[in-house]
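With the UniProt record's numbering, letter number 20 in the sequence shown gets 20, and the count goes up by one each step, no holes.
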Amino acid sequence: CEVLSAIEFVDHESMRLVLKQFPDHCRDPLERAYPFYLLLEVSGSNPAHDAEKLEAFLESAMGDGCVVDGVVAQDGAQALDLWRLREKVPVALSEQGAIYKYDVSLPQERTYDLVIETRERLASAAPQATVVGYGHLGDGNLHLNVYAPEADGAIERAIEPFVYEWTSGVRGSISAEQ
1 CEVLSAIEFV DHESMRLVLK QFPDHCRDPL ERAYPFYLLL EVSGSNPAHD
51 AEKLEAFLES AMGDGCVVDG VVAQDGAQAL DLWRLREKVP VALSEQGAIY
101 KYDVSLPQER TYDLVIETRE RLASAAPQAT VVGYGHLGDG NLHLNVYAPE
151 ADGAIERAIE PFVYEWTSGV RGSISAEQ
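Structure representation (structure tokens):
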């Protein structure tokens, strides 16, 4: 019996940053860029059966129009390559200058809304800032990261206490995973 063991997502800006920062170690598994990338992992007692089920799920999701593109790792090395993309996000971010990190748990239907609203808020207040979001969809966890070439009071004033108030307003919580 297969068990869903991970549902991770990475937004386009996170993926773009990883591919730019680590061109020798990471490559885009898809032929074009998308707004979001989803990484599913299953762990069962029969790897061949798990792969078949995952392939069938992907085909069904694409047929229904829920997913527009996808790839299933054909072996352990390909699976590691896919995971590397997700795992390199915080590493790539750490090399961008000043970074403001928030780890929040949100209702699943609101998981990405905080990223969108933070981008809107910073567009005029601190246009030098870039906002990225990635996390664990299964538990509604979002890693909201704002980075800029250097620390800037305008960024801090725009995002604090905004992030905390917004999170509280949707009945979310601040996590301590980072």
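Ideal placement from N, C-alpha and C gives every residue a C-beta, glycine not left out.
To the nearest angstrom, how far is the alpha carbon of residue i from that of residue j?
i	j	result
VAL146	LEU17	13 Å
CYS1	PRO149	Here the model assigns CYS1 a pLDDT of 45, short of 50, so the residue's position is not dependable, and the following value carries that caveat. Their backbone Cα atoms lie some 48 Å apart in a straight line.
LEU93	VAL10	13 Å
SER124	GLU59	42 Å
ILE116	VAL3	32 Å
GLN78	GLY65	25 Å
LYS159	GLN128	It should be pointed out that residue 159 corresponds to Ile in this sequence rather than to Lys. Those two C-alpha atoms are separated by around 14 Å.
GLN178	TYR102	Residue placement at GLN178 is poorly supported in this model, since its pLDDT is 49, which falls under 50; the coordinates still yield a value, given next. One C-alpha to the other measures close to 8 Å.
LEU19	GLU165	33 Å
VAL71	HIS25	18 Å
PRO23	GLU156	31 Å
ILE174	VAL163	9 Å
ALA56	TYR112	27 Å
Please confirm whether residue i and residue j have their CB atoms less than 8 Å apart.
i	j	result
LEU40	LEU30	no
GLU13	HIS136	no
VAL170	ARG110	yes
ALA151	ALA126	no
GLY172	PRO90	no
residue 198	SER5	What the structure shows of the chain is the stretch from 1 to 178, and residue 198 is not part of that stretch, so it cannot be assessed.
Compute the beta-carbon to beta-carbon distance between residue i and residue j, rounded to the nearest angstrom, for a pair I have assumed lies under 8 Å.
i	j	result
LEU114	LEU144	6 Å
LEU142	GLY133	6 Å
ASP139	SER105	7 Å
Based on Cα-Cα distance, which residue from the options lies nearest to residue i?
i	options	result
GLY76	ASP28, ALA48, PHE22, ALA98	ALA48
ARG27	PHE162, LEU106, LYS88	LYS88
ALA98	GLY140, VAL72, ALA73, THR130	THR130
ARG32	GLY172, VAL10, ASP139, ASP69	ASP69
MET15	TYR34, GLY65, ALA56	TYR34
TYR100	LEU19, GLU59, PRO161	PRO161
GLU52	TYR112, GLN74, CYS66	GLN74
VAL67	HIS25, LEU38, ASP24	LEU38
Going along the chain, which unbroken runs of the beta strand (DSSP E) with 3 or more residues stay wholly within the stretch 118-172? As far as the stretch 118-172 is concerned, its whole beta strand (DSSP E) runs of at least 3 residues are 130-136, 141-148.
Please go through the stretch 33-86 and give each complete alpha helix (DSSP H) segment of 4 or more residues, from N-terminal end onward. Counting only runs of 4 or more, we get 47-63.
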